Every structure is written in C-alpha cells, then in structure tokens.
Amino acid sequence: MNARAINETSPVKPVRPAVKMRQVRKALFTGSTPLREVIHAPYFKPFGRLLFPTTWPIPRQATLSDLRAFLPWYSEIRTKTSIEVLTALYGDAKSGETIFYPIYTEAEQAEMPAKRDTGLFFFRSRAPKRHRTAVCSAGGGFVYVGAIHDSFPHALALSRRGYDAFALIYRPGAKTACEDLARALAFLFAHEQELGISMEGYSLWGGSAGARMSAWLSDYGTGAFGERARLAAPGGRRAAVHGPQ
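Under the working numbering, the residue at position 153 of the sequence shown is numbered 155, and the numbers go up by one with no gaps.
Below is the structure:
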C-alpha cells in the first residue's frame, strides 16, 4: 500500500481550526459509569469499543472504577485520570472534531477483519502556532492494548504541551503491532495537510510493549513492516520500558 492508495481510499475530514485552549467541561462520566455505557455513548460510536482492551469481553456490570481488572500487569490505575481523558475526547467529538481515524481502508478491513480494531485517536494541540506530532503506543504484553491507561493520558498531556498527539490502537502481537504502527505513520504522512499537522521531526512514544514498537520502527524503518513508502525517521524517540515484556 503506497501513499497514493491511502489518499484515494481513506477519506479524512477537514480539521476546523481551534484557537481556544481545551476548557474544563462538566464531568460526563464517574467511577460508577458502566464501561458499556461509555462504549455506546453517542459521540463515541462506532469506535467506542476501542477505548478499552478488545482482547476479552467486558461484563455488563463493569464500571470505570473496575478498569484494573482489564489491565493486567499495570498498577497505579487512576479512575480520575481515565475520566479526564474520556471527558476530553467526548467533548471534542461533541463539538464536531474528528477524534478517531481508521488506518486501513474498508477493503483491507473486509479482507482481514482484525484490522477493524485498529486506528488513531487524535488529541489536538490548542497552541496557536505550528507544532510537532507525537505518536503514542500503549503496552499490554502484545496481548492487549492498554491505551486507556498507557497512551491516552500521555497523548492528552502532550497535547496540552503543544504537540499534536495520536494514540495508536493496534492488533496484539509483536509483528502485527509493528505493522500497524508503520501503517499509522504512512497514514499520517499521507494526510498531513488534511489533518493540519506537521510530521517534520515527529516523535514516537511508548510504554512497555509500545516502547519496543517505537524502538523497532525507529531502528528498522517502516519498510521492514510492510509499508513501501519511504518515510522519514522520527526526530525523537521517547521510550519507557517496564513490565514483563
């Protein structure tokens, strides 16, 4: 898949300029909010399921305060932080901003359904001047994607520090995860203008398995993981390895 093909089959909605800093909005979620209620919230359709790990089913009664049960190997899981992230994303979506972008075309998803569980959540910078782009990949032992705890909070914090930050939802498995990160980078380069971002000097961030993905893509390049497009190497890599991976 080359950049031209991505452009022709992956439509990107125009980004409306935002000049105001993200405002603190009324809390939409609490610790007692069921995860399924978050998943099916109006402005999270049809990608709400990707906010939480898709590796295992989520019981109907599970709430945001129960997230620890769905994030093995992690500690210090703070419900307050999860609520902050979800509230920010929901508010942006409600205001008309596109917060999620599939990285594979409909044809590719039909051919390989697992690719439907991939994509990029966009945490836009509110800084008035042009800023750099950061791509965050969560850990999870290549068994699941712990984005709600290990990339969403980081992407939100980076956006508040002047970065256009993306959090990648990838397929579990070391090889498939790297393929998805390579495709995500190809997507961002192909849609740089439509998204209103700059990929010059972009950086890769990750924790645990996500740190390994960032390191491998930096060392071997996107071509090693199925992307023919020649993409610039990241201008920076911020990798924090922890956990059992």
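No residue lacks a Cβ here, since even glycine has one placed at the ideal position from N, Cα and C.
Keep in mind the model is a prediction, meaning the values are calculated, not measured.
Since residue 207 is in the beta strand (DSSP E), which residue starts that stretch and which ends it? By 1-based counting over the sequence shown, the position of residue 207 is 205. First-last of the beta strand (DSSP E) with residue 207: 200-209.
Assuming residue 191 and residue 233 are in contact, meaning their beta carbons sit under 8 Å apart, how far apart are those beta carbons, in whole angstroms? Residue 191 sits at position 189 when you count from the first residue of the sequence shown. Residue 233 sits at position 231 when you count from the first residue of the sequence shown. Correct: roughly 6 Å between the Cβ atoms.
Which residue marks the beginning of the beta strand (DSSP E) containing residue 134, and which one marks its end? Mapped onto the sequence shown, residue 134 falls at position 132. Element bounds for residue 134: 134-139.
Quickly, what does DSSP pair residue 122 with across the bridge? List them, please. Stepping through the sequence shown from its first residue, residue 122 is reached at position 120. Answer is 103 and 170, bridged to residue 122.
Helix, strand or coil at residue 65 [DSSP, three-state]: In the sequence shown, the residue the question calls residue 65 occupies position 63. Strand, per DSSP.
Roughly how many angstroms separate the alpha carbons of residue 131 and residue 201, rounded to a whole number? The residue you call residue 131 lines up with position 129 of the sequence shown. The residue you call residue 201 lines up with position 199 of the sequence shown. Each residue's Cα considered, the two are about 15 Å apart.
Using 10 angstroms around the beta-carbon of residue 113, count the other beta-carbons present and answer buried if the total reaches 16, otherwise exposed. Residue 113 sits at position 111 when you count from the first residue of the sequence shown. Classification of residue 113: exposed, given that the 10 Å Cβ count is below 16.
Residue range of the alpha helix (DSSP H) that includes residue 92: Taking the sequence shown and counting its residues from 1, one reaches residue 92 at position 90. Note, residue 92: alpha helix (DSSP H), 81-96.
Pairwise C-alpha distance: residue 78 and residue 27: For this step, residue 27 is matched to residue 25 along the sequence shown. For this step, residue 78 is matched to residue 76 along the sequence shown. Bear in mind that a pLDDT of 47 at residue 27, under 50, signals an unreliable position, so the model cannot answer this.
At which residues does the alpha helix (DSSP H) containing residue 150 begin and terminate? Within the sequence shown, numbered from 1, the residue matching residue 150 stands at position 148. Where residue 150 is concerned, the enclosing alpha helix (DSSP H) stretches over 149-152.
Run through DSSP, which three-state label would residue 48 get? By one-based count along the sequence shown, residue 48 stands at place 46. Coil.
State the Cα-Cα distance for the pair residue 205 and residue 71, rounded to the nearest angstrom. Taking the sequence shown and counting its residues from 1, one reaches residue 205 at position 203. Taking the sequence shown and counting its residues from 1, one reaches residue 71 at position 69. Going from the Cα of residue 205 to the Cα of residue 71 covers about 31 Å.
Where residue 223 and residue 180 are concerned, what is the direct C-alpha to C-alpha distance, given to the nearest angstrom? Here residue 223 refers to the residue found at position 221 when the sequence shown is read from its first residue. Here residue 180 refers to the residue found at position 178 when the sequence shown is read from its first residue. When rounded, the distance between both Cα atoms is 10 Å.
Mapping DSSP to helix, strand and coil, what is residue 155? Here residue 155 refers to the residue found at position 153 of the sequence shown. If DSSP states are grouped into helix, strand and coil, residue 155 belongs with the helices.
Test item: CB-CB of residue 186 and residue 105 under 7 Å: Residue mapping note: residue 186 aligns to position 184 of the sequence shown, counting from 1. Residue mapping note: residue 105 aligns to position 103 of the sequence shown, counting from 1. Result yes, Cβ atoms of residue 186 and residue 105 sit closer than 7 Å.
Where the alpha helix (DSSP H) through residue 38 begins and ends: Counted from its first residue, the sequence shown places residue 38 at position 36. Counting along the chain, the alpha helix (DSSP H) containing residue 38 begins and ends at 37-41.
Please determine if the segment 210-225 and the segment 134-145 are in contact, where contact requires at least 3 C-beta pairs separated by less than 8 Å. yes
Exposed unless 16 or more other CB atoms sit within 10 angstroms - verdict on residue 166: Residue mapping note: residue 166 aligns to position 164 of the sequence shown, counting from 1. When all chains shown are included, residue 166 counts as buried.
Looking at residue 125: is its Cβ nearer than 7 Å to the Cβ of residue 184? Reading the sequence shown from its first residue, position 123 is the one you call residue 125. Reading the sequence shown from its first residue, position 182 is the one you call residue 184. Against a cut-off of 7 Å, the Cβ pair of residue 184 and residue 125 comes out as no contact.
CB contact flag (residue 83, residue 155, <7 Å): Indexing the sequence shown from 1 puts residue 83 at position 81. Indexing the sequence shown from 1 puts residue 155 at position 153. In this structure, residue 155 lies closer than 7 Å to residue 83 by Cβ.
Reference residue 177; option with closest CA among 30, 145 and 38: On the sequence shown, residue 177 is found 175 positions in, with the first residue counted as 1. When each option's Cα is compared against that of residue 177, the closest is 145.
Measure the beta-carbon distance from residue 66 to residue 33 and round it to whole angstroms, keeping in mind my assumption that it falls under 8 Å. The sequence position of residue 66 within the sequence shown is 64, counting from 1. The sequence position of residue 33 within the sequence shown is 31, counting from 1. The pair is a contact, with the Cβ atoms about 5 Å apart (cut-off 8 Å).
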